[in-house]
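Undergrad: In the working numbering, the protein residues as written are 62 to 125.
Below: one structure in structure tokens.
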């Protein structure tokens, strides 16, 4: 089965705030996914701050 999507679990963004170690990990996962030509989906986007950080990272698909 070919892989076309990378889904990032909500546990990685639950406590994510700008400048945190969690943000760096998520940024890296998004970057790797995009470099591999995958669609990146983030689970558990529940706050405007999380949404804004993810949009700045280039991830436009999130699940609340």
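All C-beta atoms in this analysis are idealised placements derived from N, C-alpha and C, irrespective of residue type, glycine included.
Since the structure is predicted, the reported quantities are computational estimates derived from the model, not experimental observations.
Excluding the five sequence neighbours on either side, which residues of its own chain have a C-beta within less than 7 Å of the C-beta of residue 63, listed in chain order?
TA: One-based indexing of the chain shown puts residue 63 at position 2. Cβ within range, chain order: n/a, list empty.
Undergrad: With H, G and I counted as helix, E and B as strand and the rest as coil, what does DSSP make of residue 123?
TA: Within the chain shown, the letter at position 62 stands for residue 123. Strand at residue 123.
Undergrad: Could you give the residue range of the alpha helix (DSSP H) that holds residue 93?
TA: Residue 93 sits at position 32 when you count from the first residue of the chain shown. Element bounds for residue 93: 82-96.
Undergrad: Is residue 123 closer than 8 Å to residue 103 when the C-beta atoms are compared?
TA: The residue labelled residue 103 in the question sits at position 42 within the chain shown. The residue labelled residue 123 in the question sits at position 62 within the chain shown. Going by C-beta atoms, residue 103 is nearer than 8 Å to residue 123.
Undergrad: Report the three-state DSSP secondary structure of residue 114 (helix, strand or coil).
TA: Against the chain shown, residue 114 aligns to sequence position 53. Three-state result, residue 114: helix.
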